[in-house]
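Take the sequence shown: its letters are residues 1 to 126, numbered as in the numbering used here. To start, the structure itself, in structure tokens.
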Amino acid sequence: MTENEIATIVIGYAIEVHKALGPGLLEKAYQECLFFKLKKEGFEVEKEKPMPLMYEEVKLDCGYRVDLLVEKKLVIEIKSVETLNDVHLAQTLTYLKLGDYKLGLLMNFNVVLLKQGIKRVINGSL
């Protein structure tokens with residue numbers, strides 16, 4: 001499956017999770033539920049995947065962690081905030097660049113309709 005195909009399916013499952021839980025919970029609750037749903041549906045998912053930083057040919061562990069990595073292709077960054085801002089977008093783009101991934105989904109679950117809280121983040125051309 002392509003990154004776009006995976007993203008379409010993941011968005012559907014994220015909407016299911018959001019409908020079941022509603023807005024206002026901690027990010028960890030949404031992360032755990034989406035992780036569970038994706039695993040249940042047969043996806044390869046890594047949770048809290050470490051993202052080391054390469055500096056002068058040395059791999060440094062700076063504490064960066066991707067919330068969810070689906071099929072080793074799609075980065076999912078989960079938020080539960082009043083409003084997404086530029087730093088959230090920059091964080092997701094940083095994860096894409098560090099891992100050399102093409103597509104990420106920045107998802108804010110603290111909204112009435114989840115589709116209003118999803119931003120596609122692209123690293124290069126897709």
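Note that beta-carbon positions come from the ideal geometry of N, C-alpha and C, so glycine has one too. Everything numeric in this text was worked out from a predicted model, so none of it was measured.
{"Asked": "Buried or exposed: which applies to G117, given that a residue is buried once 16 or more other Cβ atoms fall within 10 Å of its Cβ?", "Found": "buried"}
{"Asked": "Inspect the beta-carbon positions of L103 and L68 and report whether they are closer than 9 Å.", "Found": "no"}
{"Asked": "Going by Cα to Cα distance, which pick from F109, K28 and E77 is closest to E16?", "Found": "F109"}
{"Asked": "Alpha carbon to alpha carbon, what distance is there between T94 and C62?", "Found": "13 Å"}
{"Asked": "Within this structure, are the beta carbons of E32 and V70 separated by less than 9 Å?", "Found": "no"}
{"Asked": "Cutting at 7 Å between CB atoms, please list the residues of its own chain near R65, excluding the five before and the five after it.", "Found": "E48, K49, P50 and M51"}
{"Asked": "What is the rounded straight-line gap between the Cα of G22 and the Cα of V112?", "Found": "8 Å"}
{"Asked": "According to DSSP, simplified to helix, strand and coil, what is N108?", "Found": "strand"}
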